[in-house]
Amino acid sequence: MINLILFGPPGSGKGTQAAKLVEKYNLLHISTGDLFRYEMGNNTPLGLEAKSYINKGELVPDSVTIGMLRNKVEANPDVAGYIFDGFPRTIPQSEALDKLMAEMDQKISKLIMLDVEDVEIVTRLLERGKTSGRKDDADEGVIRNRIDVYKDNTFPVYDFYAQSGTSVKVDGMGSIEEIFDRLCAQIDAIK
Ligand code: AMP
1219 MINLILFGPP GSGKGTQAAK LVEKYNLLHI STGDLFRYEM GNNTPLGLEA KSYINKGELV
1279 PDSVTIGMLR NKVEANPDVA GYIFDGFPRT IPQSEALDKL MAEMDQKISK LIMLDVEDVE
1339 IVTRLLERGK TSGRKDDADE GVIRNRIDVY KDNTFPVYDF YAQSGTSVKV DGMGSIEEIF
1399 DRLCAQIDAI K
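According to my numbering, the sequence shown is numbered sequentially starting from 1219.
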């Protein structure tokens, strides 16, 4: 199996690239943000709880997020591998993911970070907010909070996987195709 963490700040292109990678490598794309938005759209208890955090640009608590991720993985055991997008976002989430992988006799093959500058992120997210219908893309204060949360809580996940030599960075600036080619080169290098 190939189990990837597609990593990077909000607006770095993870969702766009994951959709293309899924087609090429036949992996299951699991985006915790998409899962939360689905629950919010259906007004489920999980969705209602998540909404209060998401609309402010805060992280949903680990216990809720980890449980939801675990359910999704366990419901889809017979796949060629997973692309985790937007998860893990904290060290406890990383530890929980490693434990889940170990239970399946699997491990994370690579964490690939899309490296994009802050100014570019804000521009991209405000642009996306015009059409995405996402409250958390529409307000510059919320966007800046998401970037702060990324730096404080989420960036340490890169270092966590770097300890085992699992983390790599690719340049996230350029055209969608250029960035896709850089990602494919990283994936094709997995032994
Ligand atoms: P995303 O679509 O990945 O940008 O996620 C949108 C929002 O959902 C984030 O700003 C968080 O509020 C929440 N979220 C998504 N994934 C996670 C996660 N792994 N841990 C905590 N909150 C999350």
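For every residue, glycine included, the Cβ atom is placed at its ideal position computed from N, Cα and C. Treat the numbers as computed from the prediction; the structure is a model and nothing was measured.
Check, Outcome
"Under the criterion of a Cβ to heavy atom distance below 8 Å, does Gly1359 qualify as lining the ligand AMP?", "no"
"Specify the secondary structure class of Gly1464 as computed by DSSP and reduced to three states.", "There is simply no residue 1464 to check, as the chain begins at 1219 and stops at 1409 in what is shown."
"Output needed for Gly1285: all residues of its chain with C-beta closer than 6 Å, excluding positions within five of it in sequence on either side, in chain order.", "none"
"Taking 7 Å as the limit between beta carbons, can you name the residues of its chain near Pro1430, skipping five residues before and five after?", "Past the edges of the chain, shown from 1219 to 1409, lies residue 1430, and the structure says nothing about it."
"Just the Cα atoms here: how many angstroms apart are Cys1402 and Val1291?", "23 Å"
"Is the closest heavy atom of the ligand AMP to the C-beta of Ile1272 under 8 Å?", "yes"
"Is Ile1408 near the ligand NAD - that is, is its Cβ less than 8 Å away from at least one heavy atom of it?", "The ligand content of the structure shown is limited to the ligand AMP, which means the ligand NAD is not among them."
"Measure from the alpha carbon of Leu1287 to the alpha carbon of each residue in Ile1301, Gly1275, Lys1274, then state which is nearest.", "Ile1301"
"Compute every distance between the C-beta of Gly1347 and the non-hydrogen atoms of the ligand AMP, then say whether any falls below 8 Å.", "no"
"According to DSSP, is Val1388 helix, strand or coil?", "strand"
"Given a cut-off of 9 Å, decide if Ala1236 and Leu1224 are closer than it, judged by their beta-carbon atoms.", "yes"
"If you scan the segment 1220-1279 from start to end, which runs of the beta strand (DSSP E) of 3 or more residues do you find wholly inside it?", "1220-1225, 1246-1249"
"With a threshold of 8 Å on Cβ separation, who are the neighbours of Val1282 within its own chain once the five nearest residues in sequence on each side are excluded?", "Leu1264, Glu1267, Ala1268"
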